[in-house]
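J.:
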Amino acid sequence: MLETRRTDGSGGGRTANSLRHSNLATIFGMVHRAGALSRAELTRRTGLNRSTMGECLSDLADLGLVVEARPETGSGRGRPSPIIRPYPGTVAVTVNPEVDAIRIGLVAMGGRIIEQVRLETDGPADASEVVRRSADVVDRMLDGQPYVVAGLAVAVPGQVRLSDGHVRDAPHFGWVEEPLAADLERVTGLPTSAANAALLGMYGECAFGSGRGVDDLVYMIGGASGIGGGVLSGGALVTGSAGYAGELGHLFVRSDGAKCPCGAHGCLEAEVTQPGLLDAVGLAPAQVERLEAELLRAEDPAVHELVDHDRDLLAIAVRSVVNLFNPSVVVLGGFLSTLHRVRAAPLLSEQAIRASRECVEVRDAELGADQLTVGTAELAFSSLLADPASAQLISRASA
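This note's numbering puts the sequence shown at residues 1129 to 1527.
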């Protein structure tokens, strides 16, 4: 059984002014992204005085959001500064439907994955199957556990209306106008949000991976359901007029190319695919973690030709985003990072605008296979991180 509680215990009313709320959000966000910070380091980073910091940490501890402990070892003179960590029982639930599986995760604050489950599917599942099978796993994950749940978030390989998690179009699944977030919330009883999967992968890399501290970034990820991405410019997410910007899998890369599920021909995700690479080295979809090793080991000229073909088209896409957005970093995730690593030659050629390519670095995603799970959890944690004193959490009710 679930019960709803507010972190401030006020029954809905604010208990302090906006400055306190802002300070709590700043401190809690720092602790979340670092996983652990000393009180002295938090004081230094925020510029708050020690008295205010002490009051804020006391408030966060009273809200059940952080725990404070003495460091195991001290250095230097004087008493060592206490270490602040997120409360380990505050969690988010994640769901990521793909064309060959449904992935469900349980993630603690600090980006720590507690559990992941992969449910195989016979091709793309319909939305009702995703809701039903995910809800069963979520119930099992939370049953009898003393977790405090910030929410459930869904990573959808398609266009999602951010305001309510409504799936407008997911071509690889055949979904059109599916109220996926609303249906999952109704079945699980957890506050549920949804967003484009690639966008959430970028959230994960920006919080805990290759995009930390980067304000001008292009992120591209490839998986079983195609290729997507996201763009940060000046630290702000590029969303477009309706929130659907960042469909980098639909960059045009080949004039005589294959037809894409979007209806066009020659899109990057129609030409460069994870299933094609897996088939070339005889791997099943569930063996994708072995793809890089098998590509490096392969002696078949046909495999080498496919890798060179895919990498050349990826290079066209990278050149295009560098010319368009002038990022300081391009982050590649999923099988795109595999294509980046299996050849020693630079991916970004001299065909890109010289002034733009001089200041850009192409990086592989640091979080590997976990980037979507961690990034999706960031969406579920977003309300808590924005205002920890007022967020609504879900706890297991005592029997």
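Just so it is clear, CB atoms sit at the ideal spot from N, CA and C, and this is done for glycine as well. Being a predicted model, the structure only gives us computed values, none of them experimental.
What residue range does the beta strand (DSSP E) around Ala1229 cover?
T.: Mapped onto the sequence shown, residue 1229 falls at position 101. Residues 1229-1236.
J.: Please classify His1300: does DSSP put it in a helix, a strand, or coil?
T.: For the purposes of this step, residue 1300 is taken as the residue at position 172 of the sequence shown. Here His1300 sits in coil by DSSP.
J.: Roughly how many whole angstroms lie between the Cα atoms of Ser1383 and Gly1394?
T.: Numbered from 1 along the sequence shown, position 255 holds the residue referred to as residue 1383. Numbered from 1 along the sequence shown, position 266 holds the residue referred to as residue 1394. Whole-angstrom Cα-Cα distance: 6 Å.
J.: I think Val1284 touches Ala1325, with their Cβ atoms under 8 Å apart; what is that distance to the nearest whole Å?
T.: Walking along the sequence shown from the start, residue 1284 turns up at place 156. Walking along the sequence shown from the start, residue 1325 turns up at place 197. Confirmed, about 6 Å.
J.: Counting Cβ pairs, one atom from each stretch, are 3 or more of them under 8 Å apart for the region 1316-1332 and the region 1434-1452?
T.: no
J.: Taking only the alpha-carbon atoms, compute the straight-line gap between Leu1379 and Gly1391 and give it to the nearest angstrom.
T.: The residue you call residue 1379 lines up with position 251 of the sequence shown. The residue you call residue 1391 lines up with position 263 of the sequence shown. The alpha-carbon atoms of Leu1379 and Gly1391 are separated by roughly 13 Å.
J.: Beta carbon of His1300, beta carbon of Pro1389: below 9 Å?
T.: By one-based count along the sequence shown, residue 1300 stands at place 172. By one-based count along the sequence shown, residue 1389 stands at place 261. Their beta carbons are under 9 Å apart, which means His1300 touches Pro1389 by this criterion.
J.: Under 9 Å between the Cβ atoms of Pro1214 and Val1245?
T.: What you label residue 1214 is simply residue 86 of the sequence shown in a count that begins at 1. What you label residue 1245 is simply residue 117 of the sequence shown in a count that begins at 1. For Pro1214 and Val1245, no; Cβs fall outside 9 Å.
J.: Would you kindly work out how many angstroms separate the C-alpha atoms of Thr1132 and Gly1317, rounded to a whole number?
T.: Translated into positions along the sequence shown, residue 1132 becomes position 4. Translated into positions along the sequence shown, residue 1317 becomes position 189. Here Thr1132 scores only 45 on pLDDT, less than 50, and its place in the model should not be relied on; the value that follows carries that caveat. Roughly 10 Å separates the two Cα atoms.
J.: Exposed or buried, Ile1355, counting other C-beta atoms within 10 Å across all chains shown (16 or more means buried)?
T.: Within the sequence shown, numbered from 1, the residue matching residue 1355 stands at position 227. Counting the other CB atoms within 10 Å of its CB gives Ile1355 a total of 16 or more, which places it among the buried residues.
J.: Please confirm whether Thr1222 and Val1276 have their CB atoms less than 9 Å apart.
T.: What you label residue 1222 is simply residue 94 of the sequence shown in a count that begins at 1. What you label residue 1276 is simply residue 148 of the sequence shown in a count that begins at 1. No, the Cβ-Cβ distance between Thr1222 and Val1276 is not below 9 Å.
J.: Go to Val1490, then tell me how far its beta strand (DSSP E) extends in each direction, as first and last residue.
T.: Your numbering for residue 1490 matches position 362 in the sequence shown. Boundaries of the beta strand (DSSP E) around Val1490: 1489-1492.
J.: For Val1315, collect the residues of the same chain with a Cβ closer than 7 Å to its Cβ; drop the 5 residues on either side in sequence, then sort them by chain order.
T.: On the sequence shown, residue 1315 is found 187 positions in, with the first residue counted as 1. These residues qualify, in order along the chain: Val1259, Ala1263.
J.: Taking only the alpha-carbon atoms, compute the straight-line gap between Glu1257 and Gly1350 and give it to the nearest angstrom.
T.: Counting from 1 along the sequence shown, the entry for residue 1257 is found at position 129. Counting from 1 along the sequence shown, the entry for residue 1350 is found at position 222. Looking at the two C-alpha atoms, the distance is approximately 24 Å.
J.: In whole angstroms, what separates the C-alpha of Arg1142 from that of Leu1513?
T.: Position 14 of the sequence shown, counted from the first residue, corresponds to residue 1142. Position 385 of the sequence shown, counted from the first residue, corresponds to residue 1513. In this prediction, Arg1142 has a pLDDT of 45, which is less than 50 and means its spatial position is unreliable; what the coordinates show is noted afterwards. Their backbone Cα atoms lie some 16 Å apart in a straight line.
J.: On the criterion of 16 or more Cβ atoms from any shown chain inside 10 Å, does Gly1293 qualify as buried, or is it exposed?
T.: Stepping through the sequence shown from its first residue, residue 1293 is reached at position 165. Buried, by the Cβ-count rule.
J.: If you drop the 5 nearest sequence neighbours on each side, which residues of the same chain put their C-beta closer than 8 Å to that of Ala1253?
T.: Here residue 1253 corresponds to residue number 125 of the sequence shown, with the count starting at 1. Answer for Ala1253: Pro1225, Ile1230, Arg1261, Phe1301, listed in chain order.
J.: Report the residue from Ala1220, Asn1177, Val1416, Glu1433 whose alpha carbon sits nearest the alpha carbon of His1160.
T.: On the sequence shown, position 32 is the one that residue 1160 refers to. Per the Cα distances, Ala1220.
J.: Using the C-alpha atoms, what's the distance from Val1435 back to Leu1411?
T.: The sequence position of residue 1411 within the sequence shown is 283, counting from 1. The sequence position of residue 1435 within the sequence shown is 307, counting from 1. C-alpha separation (whole angstroms): 15 Å.
J.: At a cut of 8 Å, does the region 1328-1338 reach the region 1496-1513 through at least three beta carbon pairs?
T.: yes
J.: Which partner residues of Thr1320 appear in the DSSP bridge assignment?
T.: Mapped onto the sequence shown, residue 1320 falls at position 192. According to DSSP, Thr1320 bridges with Leu1280.
J.: At which residue ranges does the region 1158-1190 contain complete beta strand (DSSP E) runs of 3 or more residues, listed in the order of the chain?
T.: With a minimum length of 3 residues, no continuous beta strand (DSSP E) run stays inside the region 1158-1190.
J.: Does the distance from the CB of Arg1491 to the CB of Val1459 come in under 9 Å?
T.: As a position in the sequence shown, residue 1491 is number 363, starting the count at 1. As a position in the sequence shown, residue 1459 is number 331, starting the count at 1. Yes, they are a contact pair.
J.: Exposed or buried, which one is Ser1465 when buried takes at least 16 other CB atoms within 10 Å?
T.: Translated into positions along the sequence shown, residue 1465 becomes position 337. Counting of Cβ neighbours within 10 angstroms places Ser1465 among the buried residues, the total reaching 16 or more.
J.: Can you tell me whether Ala1236 is buried or exposed, with buried defined as 16 or more other CB within 10 angstroms of its CB?
T.: Locating residue 1236 in the sequence shown gives position 108, where the first residue counts as 1. Answer is buried; the Cβ neighbour count reaches 16.
J.: In chain order, what residues of the same chain lie with their CB nearer than 8 Å to the CB of Met1158, ignoring the 5 residues before and after it?
T.: To locate residue 1158, count along the sequence shown from 1; it is residue 30. Taken in chain order, the residues that qualify are Leu1165, Leu1170, Arg1173, Thr1174.
J.: Out of curiosity, what's the CA-to-CA distance linking Leu1130 and Ala1278?
T.: On the sequence shown, position 2 is the one that residue 1130 refers to. On the sequence shown, position 150 is the one that residue 1278 refers to. Legend: pLDDT at Leu1130 = 46, less than 50; position of this residue unreliable, no value from coordinates given.
J.: Can you give the beta carbon distance from Ser1456 to Asp1344, rounded, assuming they're within the 8 Å contact cut?
T.: Position 328 of the sequence shown, counted from the first residue, corresponds to residue 1456. Position 216 of the sequence shown, counted from the first residue, corresponds to residue 1344. Indeed, because the Cβ distance is near 5 Å, the residues count as touching under 8 Å.
J.: Among Leu1270, Asn1454, Leu1419, whose alpha-carbon lies nearest the alpha-carbon of Val1346?
T.: Mapped onto the sequence shown, residue 1346 falls at position 218. Selected option, being the one with the closest Cα: Asn1454.
J.: Give the straight-line distance between the Cα atoms of Leu1406 and Ser1523, rounded to the nearest whole angstrom.
T.: To locate residue 1406, count along the sequence shown from 1; it is residue 278. To locate residue 1523, count along the sequence shown from 1; it is residue 395. So the alpha carbons of these two residues sit roughly 42 Å apart.
J.: What does the Cβ neighbour count give for Leu1147, buried or exposed, with the cut at 16 atoms within 10 Å?
T.: Counting from one through the sequence shown, the residue named residue 1147 turns up at place 19. Flag for Leu1147 reads exposed.
J.: Candidates Gly1272, Ile1241, Asp1250: which alpha carbon is nearest Leu1500's?
T.: Locating residue 1500 in the sequence shown gives position 372, where the first residue counts as 1. Checking every option, the nearest Cα to that of Leu1500 belongs to Ile1241.
J.: Using a 10 Å radius around the Cβ and a threshold of 16 neighbouring Cβ atoms, would you call Glu1306 buried or exposed?
T.: By one-based count along the sequence shown, residue 1306 stands at place 178. The residue is buried, with at least 16 neighbouring Cβ atoms inside 10 Å.
J.: Within the continuous alpha helix (DSSP H) that includes Thr1218, where are the two ends?
T.: For the purposes of this step, residue 1218 is taken as the residue at position 90 of the sequence shown. Element bounds for Thr1218: not the alpha helix (DSSP H) but the beta strand (DSSP E), 1218-1225.
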